[in-house]
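Working notes, structure below.
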Amino acid sequence: MRVGIIGLGNMGGRIATRLLKQGVEVGVFDVNKDFVQALVGLGATEAESPADLASKFPYVITVLPNVFIVKEILTGQEGLMKGLRPNSLLIDMTTSIPSVTKELHAMLAAEGLRMIDAPVSGGVKKAEDGTLSIMVGGEEDHFEEVKPLLSHIGQNIIHVGEIGAGHTIKALNNMISATTLAATGEAMALGVKLGLDPSKMLDVINSSTGRSFSSDFKFPTQVLTRNFEVGFTLDLMVKDLKIAMNMAEEEKVPMFISSASFQLWKQAWSNGKGNEDHTAIVKQIEEMFDVEIREKSISVTR
Ligand code: NAD
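In terms of my numbering, the sequence shown is residues -4 to 297.
What follows is the structure, encoded as structure tokens:
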């Protein structure tokens, strides 16, 4: 199989590397030429433009920061639309706004071109391991056509509905994930303030009903170690929450719990934490509680 990838950042770079390791022929394009050269060093082919990539590779994956950049990549002077063919298939893995994705799909369909949305979940580690969750929106036969390709990078690949459905569930999933991380952060910070050992708290939570991906993975690897290595920025999480909140607003439904969590994320964002890993939301909570959630410490008060 041959696939072109546009967007070689934290997620796209790892997806491209994984595909190369699986023996897939990979073409690459990114405005960051260092990222391009790193992939060329692993065997990928550099494209001069999105149009050039689409003219050489039948499948094109976009993994870009937001839907507006996807639109620019499609419609720009040397954009994808100049290179895509009727038998090409655009696979958009960006976390995007479903209504705009539907508009882009309609624009492509009017030219006889094909597109599905296939956002991913699991973070950089699962992208490296090829164990991402992939949620696909679009026509069933397009889904079946790309399933073998997607199985190189994902473990749970689910067709959720028509175009935009993948982007819809992705935003909802991240709303849950963001809220769970924030709620776990508050509980952990309060526990530390009350004199509990954070490692022991996690031992209990992870064998009890408070367990989540945040308590099981993010706290031990990112927070207790004070690692906070950037894999998924806080900026991108705030973008995802905005998408989810706007979807609720369009449907005229309240989101009480998620709204409270969203305010906390926006506070961290306006305090300059946007370029940090999203787990920096815990630092925001720590500042309010005046504690640090650190391995092997009972209660470190700053
Ligand atoms: P990133 O910022 O690390 O990477 C984005 C890449 O796009 C960069 O390499 C950048 O140079 C490139 N880019 C930006 N504008 C471009 C343009 N006009 N033309 C070509 N390349 C351009 O972001 P990421 O963390 O890799 O996330 C990418 C997408 O995947 C986002 O929509 C994000 O919400 C989603 N996502 C990320 C993760 C994660 O853990 N990082 C997990 C799930 C979903």
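From the three backbone atoms N, C-alpha and C, an ideal C-beta is built for every residue, glycine too. Predicted model only: the values in this text are computed from it and were never measured.
Three-state secondary structure (DSSP) of residue i
i	result
Met250	coil
Arg80	coil
Val286	coil
Asn151	strand
Ser128	strand
Leu85	strand
Arg9	helix
Thr163	helix
Met(-4)	coil
Ile200	helix
Ser207	coil
Ile293	Bear in mind that the predicted position of Ile293 carries a pLDDT of just 46, short of 50, making it unreliable; the figure below should be weighed with that in mind. Here Ile293 sits in coil by DSSP.
Glu281	helix
Glu181	helix
Glu98	helix
Glu123	helix
Residue i CB to nearest heavy atom of the ligand GDP below 7 Å
i	result
Pro93	No copy of the ligand GDP appears in this structure; the ligands present are the ligand NAD.
Buried or exposed by the 16-neighbour rule on C-beta atoms within 10 Å, applied to residue i
i	result
Ile153	exposed
Gln32	exposed
Ala104	exposed
Val233	buried
Gly186	buried
Ala255	exposed
Met283	exposed
Leu189	exposed
Ser203	exposed
Ser91	buried
Gln279	buried
Asp136	exposed
Val295	Note that Val295 has pLDDT 49, beneath the 50 cutoff, so the model's placement of it is unreliable and the number below is only indicative. The residue is exposed, with fewer than 16 neighbouring Cβ atoms inside 10 Å.
Lys165	buried
Pro143	exposed
Arg302	Only positions -4 to 297 of the chain appear in this structure, which leaves residue 302 out of reach.
Asn169	buried
Ser146	exposed
Ile267	The question names Ile, but residue 267 in the sequence shown is Gly. Exposed, because fewer than 16 other Cβ atoms sit within 10 Å of the Cβ of Gly267.
First through last residue of the alpha helix (DSSP H) which encompasses residue i
i	result
Arg221	Counting along the chain, Arg221 falls outside any alpha helix (DSSP H), and DSSP gives it neither H nor E.
Glu135	135 to 145
Val298	Nothing can be reported for residue 298: it is not among the residues displayed for the chain, which extend from -4 to 297.
Ile92	Ile92 -> no alpha helix (DSSP H), and no H or E assigned at all.
Asp235	229 to 245
Ile158	Taken as a continuous stretch (DSSP letters only), Ile158 belongs to no alpha helix (DSSP H), as it is neither H nor E.
Asp47	45 to 51
Asp29	28 to 35
Leu69	62 to 70
Terminal residues of the beta strand (DSSP E) in which residue i lies
i	result
Glu20	20 to 24
Asp112	109 to 112
Cutoff 8 Å: residue i Cβ touching any chain B Cβ
i	result
Val187	Going by chain labels, chain B is absent from the structure shown, which holds only one protein chain.
- Message: Count Cβ pairs between the segment 177 to 192 and the segment 99 to 116 that sit closer than 8 Å; are there 3 or more?
- Response: no
- Given 8 Å as the limit, is there contact between the segment 92 to 104 and the segment 118 to 129, that is, 3 or more CB pairs closer than that? no
- Message: For the pair the segment 255 to 275 and the segment 187 to 203, tell me if three or more CB-CB distances fall below 8 Å.
- Response: With the cut-off at 8 Å, the segment 255 to 275 and the segment 187 to 203 do not touch.
- Query: When the Cβ atoms of the segment 217 to 235 are set against those of the segment 273 to 287, are three or more pairs found closer than 8 Å?
  - Reply: yes
- Query: Any chance the segment 9 to 23 sits against the segment 232 to 246, with 3 or more Cβ pairs inside 8 Å?
  - Reply: no
- Would you check if the segment -2 to 13 and the segment 41 to 56 touch, i.e. whether three or more CB-CB distances between them fall below 8 Å? yes
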